[in-house]
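A.B. asks: After the structure tokens below, expect a handful of questions from me.
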Amino acid sequence: MSSFQKGIYVELSHNFQIIEMSAKSATIFYTPSELCKTNRLITIVKFFSLAHRIFSSHYSIVGYRNDRPAVFLDRDGTIIEDTGFVSSVEQVVPIEVAFEAVRLLNQHGFVVVVVSNQSGVARGYFDEKTVEEINEYIEKIFARRGAVIDKFYFCPHYAGGSVEKYAVDCPCRKPNTGMIERAKRELGVRPVLVIGDRESDILLGKNVGVPAVLVLTGIGARQDEKTKSLADYVASDILDGVKWFLKHFER
Ligand SMILES: [Mg+2]
Ligand SMILES: [Zn+2]
């Protein structure tokens, strides 16, 4: 093993525990740590490719394949309150049950990805950097509660926006599937579920061909009957939705 590989392994030992190892398999459990906040997902991939190399002659690793199941969560109204164009970290109010919901998904081995339309950028309310800061803040407060969000994607575009650069019809804007396609490419994941509080979230699930859960938090309760009937499940909140999913999902 080269010193470079060794370095990665030592660094990651803070975050990864091998919780079970038999002659045939190793189960690896990921725990969040303040020590490794950045590029977490990239690090996971590196770790596993390294782990593959280390163990492959003796063990096959379960719990990681190139098509790990991923759950796609909406942000505003689903994991944090929809206070209307959240434009600073001060406006971030987490939905309390979302911590447990994300923890449950972590424990069951799902990659957790947040996908969010942020048309406030195209409307000139805030810039992309602000969205990134808010997302980093959300990631941190969730990590502190033991809930790991692996990756955030957002679409700053909106055809009706006032900032010319962003006033375009974007293939990433939900219900278009661009952000999920990107996650599949970049993270090597397989989408299995979408949860959100808007029609666009439910249609996103339909467009990707995975179950879609409508939550009644955010503006979910104000969605019309058509959207509610289109959803595979109407949940009181994200925790209810995740529990429903875990009961029905088959790997
Ligand atoms: Mg929403
Ligand atoms: Zn976009």
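Residue 1039 in our numbering sits at position 213 of the sequence shown, with consecutive numbering throughout.
Backbone N, C-alpha and C fix where the C-beta goes; we use that ideal spot for every residue, glycine too.
From 1003, 984, 1033 and 1005, pick the residue whose C-alpha is nearest to that of residue 995; which is it?
C.D. replies: Taking only the C-alpha atoms, the option nearest residue 995 is 984.
A.B. asks: Looking at residue 1063 and ligand 1, is the gap between the Cβ and the nearest heavy atom below 7 Å?
C.D. replies: no
A.B. asks: Given that a residue counts as buried once 16 or more other Cβ atoms are within 10 Å of its Cβ, and exposed if not, what is residue 894?
C.D. replies: buried
A.B. asks: Return the Cβ separation of residue 977 and residue 1013 in integer angstroms, given the expectation that the two are a contact with Cβ distance under 8 Å.
C.D. replies: 6 Å
A.B. asks: What separation, rounded to the nearest whole angstrom, lies between the Cα atoms of residue 1051 and residue 945?
C.D. replies: 25 Å
A.B. asks: Within the region 911–955, note down every full alpha helix (DSSP H) run reaching 4 residues or more, in order along the chain.
C.D. replies: Counting whole runs of 4 or more residues, the region 911–955 contains the alpha helix (DSSP H) stretches 923–933.
A.B. asks: Comparing C-alpha positions only, which one of 923, 951, 949 and 1019 sits nearest to residue 1074?
C.D. replies: 1019
A.B. asks: Here's the rule: buried if 16 or more other CB atoms are within 10 angstroms of the residue's CB, otherwise exposed. What is residue 1067?
C.D. replies: buried
A.B. asks: Return the first residue and the last residue of the alpha helix (DSSP H) that residue 1031 is part of.
C.D. replies: 1025–1034
A.B. asks: Do residue 932 and residue 923 have their beta-carbon atoms positioned less than 8 Å apart in this structure?
C.D. replies: no
A.B. asks: Under 8 Å Cβ to Cβ from residue 979, same chain only, skipping five residues before and after it: list those, please.
C.D. replies: 939, 940, 941, 942, 998, 1005, 1008 and 1009
A.B. asks: Does the beta carbon of residue 895 fall short of 7 Å from some heavy atom of ligand 2?
C.D. replies: no
A.B. asks: Report yes if the CB atom of residue 1015 is closer than 8 Å to the CB atom of residue 927, and no otherwise.
C.D. replies: no
A.B. asks: Below 8 Å between beta carbons: does that hold for residue 1028 and residue 1041?
C.D. replies: Going by C-beta atoms, residue 1028 is not nearer than 8 Å to residue 1041.
A.B. asks: Is the distance from the Cβ of residue 1044 to the Cβ of residue 904 below 8 Å?
C.D. replies: yes
A.B. asks: Do you know how far the Cα of residue 954 is from the Cα of residue 991?
C.D. replies: 12 Å
A.B. asks: For residue 985, does the three-state DSSP call read helix, strand or coil?
C.D. replies: It is coil, neither helix nor strand.
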